[in-house]
Structures are given as C-alpha cells and as structure tokens.
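S.K.: Next up is a structure, given as structure tokens.
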Amino acid sequence: MIIFQKDILKRGFCFFLIGQMVLTTSAVSIAGKQNQTAESEDEFSIAVIPDTQYYTSEKNGGKKEMFSAQTKWIVENAAKENIKYVIHLGDISDDGERFPQQWINASESMYILEKPLQGYPQGIPYGMAVGNHDQTKSQYPLTGKTDQYNKYFGVSHFKDKKWYGGHYQDNNDSHFDLFEGGGVKFISIFLEYDSYGEDIEGMNKWAAGILEKYSDRRAILVSHSIIHFNKTRGTNEKGFPKFSKQAQRVFDRLKSYPNVMMTLSGHVGDNGEGYRQDGYAGNIIKSFLSDYQSRSDGGHGLMRLMKFSKSKDLISVRTFSPYTGEEEKDADSEFTLPWLHHNSIARYQDYDNDQTTDIAFFSNGIWKIAGQKDVKFGNEGDIAVPADYNGDGKTDLAVFRPSEGKFYLEGGKVINLGQKGDIPVCGDYDGDGFADFAVYRPSRLTWYFDGLDSIVFGHKNGIPVPADYDGDGMLDVGIFRTDNSLWQTSLGNIPLQVKHIPGDIPVPGDYDGDGRAEMAVFRPSTGEWIIDRNQSIKLGKAGDLPAPGNYFKDGKTYPAVYRDGKIYLQNNHTIEANQGKATALTILRGYVK
Numbered sequence: 000m001i002i003f004q005k006d007i008l009k010r011g012f013c014f015f016l017i018g019q020m021v022l023t024t025s026a027v028s029i030a031g032k033q034n035q036t037a038e039s040e041d042e043f044s045i046a047v048i049p050d051t052q053y054y055t056s057e058k059n060g061g062k063k064e065m066f067s068a069q070t071k072w073i074v075e076n077a078a079k080e081n082i083k084y085v086i087h088l089g090d091i092s093d094d095g096e097r098f099p100q101q102w103i104n105a106s107e108s109m110y111i112l113e114k115p116l117q118g119y120p121q122g123i124p125y126g127m128a129v130g131n132h133d134q135t136k137s138q139y140p141l142t143g144k145t146d147q148y149n150k151y152f153g154v155s156h157f158k159d160k161k162w163y164g165g166h167y168q169d170n171n172d173s174h175f176d177l178f179e180g181g182g183v184k185f186i187s188i189f190l191e192y193d194s195y196g197e198d199i200e201g202m203n204k205w206a207a208g209i210l211e212k213y214s215d216r217r218a219i220l221v222s223h224s225i226i227h228f229n230k231t232r233g234t235n236e237k238g239f240p241k242f243s244k245q246a247q248r249v250f251d252r253l254k255s256y257p258n259v260m261m262t263l264s265g266h267v268g269d270n271g272e273g274y275r276q277d278g279y280a281g282n283i284i285k286s287f288l289s290d291y292q293s294r295s296d297g298g299h300g301l302m303r304l305m306k307f308s309k310s311k312d313l314i315s316v317r318t319f320s321p322y323t324g325e326e327e328k329d330a331d332s333e334f335t336l337p338w339l340h341h342n343s344i345a346r347y348q349d350y351d352n353d354q355t356t357d358i359a360f361f362s363n364g365i366w367k368i369a370g371q372k373d374v375k376f377g378n379e380g381d382i383a384v385p386a387d388y389n390g391d392g393k394t395d396l397a398v399f400r401p402s403e404g405k406f407y408l409e410g411g412k413v414i415n416l417g418q419k420g421d422i423p424v425c426g427d428y429d430g431d432g433f434a435d436f437a438v439y440r441p442s443r444l445t446w447y448f449d450g451l452d453s454i455v456f457g458h459k460n461g462i463p464v465p466a467d468y469d470g471d472g473m474l475d476v477g478i479f480r481t482d483n484s485l486w487q488t489s490l491g492n493i494p495l496q497v498k499h500i501p502g503d504i505p506v507p508g509d510y511d512g513d514g515r516a517e518m519a520v521f522r523p524s525t526g527e528w529i530i531d532r533n534q535s536i537k538l539g540k541a542g543d544l545p546a547p548g549n550y551f552k553d554g555k556t557y558p559a560v561y562r563d564g565k566i567y568l569q570n571n572h573t574i575e576a577n578q579g580k581a582t583a584l585t586i587l588r589g590y591v592k
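Residues 0 to 592, numbered by numbering that gives the first Met the number 0, are exactly what the sequence shown covers, in order.
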C-alpha cells in the first residue's frame, strides 16, 4: 500500500511504503478456492542431531545414552510431530578409526530410527554428514580414511532404503537422499568435510549435477562445517557469522541453483548456534548452525526440531534435550523465520503470520488491524512504520516521531534517528531478515540508517522508492523522478519507458513472484497500472488510491485500489475496509497533497 505525507509533498516529495492498508485472512475469501489445498500435512518436521562425538566416546561427561535418547525421542514423537527426515550434522565419533567401539555406539543409536513404524515401513529416513573427527587424517576427504563410517553407514547399508538417492565416488562420505513433507519434494545433499580443498571442486561438480537433475526438489545442503556462531549469543540479530572456507566455495558454486533453500552444519561449539541468510536472484538461502559439544557433559543431549508450515510459510526452530528435559528459549535457540516468501519482497504487513497482508489503519496513535483488537501505540503526528524488525515473518508495530527524531517500536525499543522533514524508509537493507530503521532526508539527498553507513543518493524532484530490485534479499535505495518518470536506483538509472504524465504514483512490488521487485506506476488520471515497462492493467479511476499487496498466498504483489471504504482488485473482487471512508482517509489524507 502507499503512504503519502502531506508536509513532504508540499516540497515536492512523498514516500511510498507498500503494505500500509492491505489484506488479512478474514478478507482473503476473494481468493476463493483458487488457493485452497488439502492441508492434511500442512505442518511437518525435520529433526537435527548435532555433533555426538562425546556421547559415542563417552568423554567430557558425555554418555552414549544421551545419543540414544535423541533417536528414541524421534521415534516416539514421529507421528505427533510428523517427522519426515532426520539429519546428523557430523562428528559422529571423536577419534575416527582408532576406537571402533565409538562406531558401535553410534550405530546402536542411529539404527533405532530404522525400526518399522506405522507410516514408516523402513523406519524414519535419515542422512549423516562426515565430520573431521570421523576421518583418520582429519580434514582430508581423499587421503583420509573413513572405513568405520562406511562399515556402519556405507552404501551397502543404505542402498535398499527408499529415501536413499546415491553417492559420490566409491563410498558414502558424500551422498544424497530424497524425501517429502507436506506435499513438498526435498533433496538433502551431504558434502564431506574438506577443510584444505583436497576435493572441493569434485564434490561441488557432483552436487551441481544432482541439483540440476532434481531441480523440482527443494534442496538442503548439509556439511559438518558451514557457518560460525552468532556474534551476539542468544540472538540471531545483526552481524552475520562468516562462512567456513569450504562453505564459501560451496555457496559460490551452488547459489545460482534456485532450488537450494537451506544449509545445516555443526562443528563450531563455542557458542553453539548461528544463523545467516543470503539472497541471490530472488532466492534466499538460510544457513543454520547447531553444535553443543563444547558445553558441559558433552552437550547435554541437545538437538533441534525444525517445523515447516505450508499455510503460514514459516520455519519454527526448537532446541531441547530429550535426555535432561531442558529447553533452550533464547532467541537463537527458539525462533520463527519465513520459509519461501520473505520479508523484503513478499510479506507486506502480515501482522498475524498467515502469509497474507492485513487491512490496517493508523490514526492519532490508534492501530486498527482486521481481526485484532485496537491497539493504542503512538501519538498524534506520528508516522506509522510497521515492518518485521525481529525477523520472525510477522509485522511489528512501530512509529516515527518527526518532532523528536525518534522511532518507537512496540515493546519499548527507541531509536534516535532522523529529524523533522525526514521521510521514514524502514526495511531490510543489509539482508539479515530484520527491518532496519531508516530515513531519507530530502534537504541533503541522503539516506540515514540505524547501524549502517549513510548513503548520498537522491534528486530534488525525487520520491524515495526503496525495494529489492535484484532479488538479493536487500532493499536497494531508489528514487522516482516526478518530473520525467525516471527510476534511479543504486543499480543504475532505469527508465520505465512510458510517457511521463504528472501525477503518476510509483508502486514497486513483486508482481510476477520471481523474488525481485518490478518498477511500476499507478496512473490516477486513467486508472491504469503500468508494470515492468510494458505490462498495462486497467484498474481504478480518478481519485482512487493504489493499494497493492499480497492478496493471495503465492508471494506475488497484486494491483488494487482503495475507494470509499473498499479495496478493489481485478476480476471484480472487492474487500470491505471496515473502518469506513472517514477513518481510512484520515490516514491517507495525511499523506495526500
């Protein structure tokens, strides 16, 4: 949706924030049965077992029973949690080939998963990564030995499993599996630990071929070492952990495959948990670290359950120990993230995490959100700046108070940034999944950010139009020229190639669902939408206000206009904006010339 600010427009500027007044599930009946699917398996889970080296070796207070408690819990909760697959992150043992008993302990724990259950005729599917402690001549995939691993978890053991896909070269050190969850097809590709690059190019080439062959499957890349731990323990915020040397080469080689959605790893046990996300050409790849072996008693038997929801398009992570009964509740142990459609491009004003945008009004400190109780937050004169500031996929309430030069986030956080006359332009500019507080200062043609360097980029006749135009997960600074309809972004000057007509309103959004924002304008004089240079849609009339948003659960932006208390879409769909004309225009008029 678009917000217009009156006092800014007097000086020839306005700011456009998509999603200020859009849809919620209560209003998405317009989608009809088009998006209704059988949701018998709407939610499913993947269990993740981090480094078990001190359980199988029974060192540092670890016990083999901690390992078996994990797999027993998985079996006992397979039906309840709809567990479709289990991933072991490597360092199964502590001493490679030296002590075969460690591998006997490992097999006794992992083979528990192979017991036939109702719905699991061959047991629960699982795959295992080879870590540096599983190799003799550690960290070398070619000259190192993995005989014990292959004795208990080799090709011969898995070749008749229905989920087993195949292997690289003549052993099972690198391999892949095939499974399904919630009607979604997956492939998991396991890459052996290779710290010194002895065979990384060969493994990457093999993995690339697998990704091409199974391009219809969502891919999870698993290797023992991929990312380091979070810089701020207990949070997933700010300052991504680095890739390992091997992982950087894997990522650079495989990031162009659009089916890659996630990486999982262990190995780094100091803080034990890490998260980062990286975008490429409209695809966001999420990387998760979990490793607890450096803690007391070898890690307490801590493991993870990752729950995937199709209807809400969310991943929920839980960290717990079946052995001790403990649950970790801090923000990098228990958290929720968008799955396939992401904050920077496809989650406009989703206040309830239902994957659709919500009709919302803000006036004089009162928020009215469809399906929710009114909320008093903010003062008269504040500007609403709702966005996902904690990365959980849900829009948070926030306001910018120009009189004070401050942002206020519901929950108490206050950010000193900006001054009277600045235009709030909040969004995710660094690609970490968290919206950043930001302002554009027309008087200086400068963008200011909380925690990021300022950027000088603008024009005296320019309207700020930040959006993710290249699909890397980061908002690009952009300006729409009101004098000639030229789009200027940090990626270059891009003409929309339409005849300039004064009054055109820029409405960038992902109208084709490719993960990248298209340039678009709404032309009130003709009721026309011009999208991506040449696509023209007739919708609206003089006096209408554009209200694009995610009206369906497909991640796309849909053209819409607001008129007389209703939102109008194509194909004669309408939505009642229950707050009424007067209330709605109180919000919108504050931004209209």
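All residues carry an ideal CB built from backbone N, CA and C; glycine is no exception.
Is the number of C-beta pairs between the segment 227-241 and the segment 191-199 that are closer than 8 Å three or more?
M.R.: Result no; under three Cβ-Cβ pairs closer than 8 Å.
S.K.: Would you kindly work out how many angstroms separate the C-alpha atoms of Pro-501 and Pro-401, rounded to a whole number?
M.R.: Rounded to the nearest angstrom, the two C-alpha atoms are 28 Å apart.
S.K.: CB Thr-262 to CB Ile-283, shorter than 8 Å?
M.R.: The answer is no: Cβ separation not under 8 Å.
S.K.: Compute the Euclidean distance between the alpha carbons of Ser-106 and Tyr-550, then round it to the nearest angstrom.
M.R.: Looking at the two C-alpha atoms, the distance is approximately 50 Å.
S.K.: Determine the direct distance from the alpha carbon of Thr-145 to that of Asp-553, and round the result to whole angstroms.
M.R.: Taking the straight line from one Cα to the other gives about 45 Å.
S.K.: Cutting at 6 Å between CB atoms, please list the residues of its own chain near His-174, excluding the five before and the five after it.
M.R.: His-166 and Phe-189, listed in sequence order.
S.K.: Would you call Gly-579 buried or exposed, if buried means 16 or more other Cβ atoms sit within 10 Å of its Cβ?
M.R.: Note that Gly-579 has pLDDT 40, beneath the 50 cutoff, so the model's placement of it is unreliable and no number is given.
S.K.: When DSSP builds the beta bridges, which residues end up paired with Ser-255?
M.R.: Paired residues: none, contrary to the question.
S.K.: Ser-332: buried (16+ other C-beta within 10 angstroms of its C-beta) or exposed?
M.R.: Buried, by the Cβ-count rule.
S.K.: Is it right to say Glu-575 is buried, meaning 16 or more other beta carbons lie within 10 angstroms of its own, or is it exposed?
M.R.: With fewer than 16 Cβ atoms within 10 Å of its Cβ, Glu-575 is classed as exposed.
S.K.: Would Tyr-195 and Gln-138 qualify as a contact pair, given that the criterion is a beta-carbon distance under 8 Å?
M.R.: Yes, they are a contact pair.
S.K.: Taking the alpha helix (DSSP H) that Asn-149 belongs to, which residues open and close that run?
M.R.: Element bounds for Asn-149: 146-152.
S.K.: Which of helix, strand or coil does DSSP assign to Trp-162?
M.R.: It is coil, neither helix nor strand.
S.K.: Quick check on DSSP: helix, strand or coil for Asn-342?
M.R.: Three-state DSSP puts Asn-342 in coil, outside helix and strand.
S.K.: What is the DSSP secondary structure of Asp-296, reduced to helix, strand or coil?
M.R.: Three-state DSSP puts Asp-296 in a helix.
S.K.: Could you check whether Arg-515 and Asp-475 sit closer than 8 Å to each other, using their CB atoms as the reference points?
M.R.: Not in contact: Asp-475 and Arg-515 (Cβ atoms no closer than 8 Å).
S.K.: Examine the Cβ distances between the segment 444-459 and the segment 347-354 and report whether three or more of them are shorter than 8 Å.
M.R.: No, because fewer than three Cβ pairs between the segment 444-459 and the segment 347-354 fall closer than 8 Å, the two stretches do not touch.
S.K.: Going by alpha carbons, who is nearest to Ile-462 out of Asn-483, Met-302 and Lys-540?
M.R.: With distances taken between Cα atoms, Ile-462 lies closest to Asn-483.
S.K.: Between Asp-429, Thr-335 and Asn-342, which has its C-alpha nearest Ser-315's C-alpha?
M.R.: Ranking the options by Cα distance to Ser-315, first place goes to Thr-335.
S.K.: Would the segment 44-52 and the segment 83-90 be scored as touching if the rule is three or more Cβ pairs under 8 Å?
M.R.: Yes, the segment 44-52 is in contact with the segment 83-90.
S.K.: Compare the C-alpha of Tyr-322 against each of Ile-103, Gly-297, Phe-307 and Lys-306 and name the closest.
M.R.: Closest by alpha carbon: Gly-297.
S.K.: For Arg-522, count neighbouring Cβ atoms within 10 angstroms of its own Cβ and tell me buried if that reaches 16, exposed if not.
M.R.: Classification for Arg-522: buried.
S.K.: Taking C-beta to C-beta, are Asn-258 and Ser-286 nearer than 8 Å?
M.R.: Cβ atoms of Asn-258 and Ser-286: not closer than 8 Å.
S.K.: Which value, in whole angstroms, describes the spacing of the CA atoms of Glu-57 and Gly-153?
M.R.: Whole-angstrom Cα-Cα distance: 24 Å.
S.K.: Quick one: grab the DSSP three-state call for Lys-328.
M.R.: Looking at Lys-328 - three-state DSSP - the assignment turns out to be coil, as it is neither helix nor strand.
S.K.: DSSP three-state call for Gly-564: helix, strand or coil?
M.R.: Here Gly-564 sits in coil by DSSP.
S.K.: Return the residue from the list Asp-169, Leu-544 and Gly-426 that minimises the CA-CA distance to Gly-472.
M.R.: For the residues Asp-169, Leu-544 and Gly-426, the minimum Cα distance to Gly-472 belongs to Gly-426.
S.K.: Report the three-state DSSP secondary structure of Lys-309 (helix, strand or coil).
M.R.: Coil.
S.K.: Check whether the segment 351-367 touches the segment 97-115, taking contact to mean three or more Cβ pairs, one atom from each stretch, closer than 8 Å.
M.R.: Cβ pair count under 8 Å is below three, so no.
S.K.: Return the Cβ separation of Tyr-428 and Gly-457 in integer angstroms, given the expectation that the two are a contact with Cβ distance under 8 Å.
M.R.: Wrong, their Cβ atoms sit about 15 Å apart, outside the cutoff.
S.K.: Would you say Gln-418 and Gly-430 are within 8 Å of each other, going by their C-beta atoms?
M.R.: Against a cut-off of 8 Å, the Cβ pair of Gly-430 and Gln-418 comes out as no contact.
S.K.: Could you give the distance in angstroms between the alpha-carbon of Tyr-561 and the alpha-carbon of Ile-45?
M.R.: Using only the alpha carbons, I get a separation of about 43 Å.
S.K.: Check whether the Cβ atoms of Ile-73 and Ile-123 sit closer than 8 Å, and answer yes or no.
M.R.: The answer is yes: Cβ separation under 8 Å.
S.K.: Please determine, among Gly-364, Ile-368 and Gly-390, the residue with the shortest C-alpha to C-alpha distance to Val-398.
M.R.: That would be Gly-364, whose Cα lies nearest to the Cα of Val-398.
S.K.: Using DSSP bridges, identify the partner residues of Ala-77.
M.R.: None, per the DSSP bridge assignment.
S.K.: Which residues mark the beginning and the end of the beta strand (DSSP E) in which Asn-282 is found?
M.R.: Asn-282 -> beta strand (DSSP E) spans 282-289.
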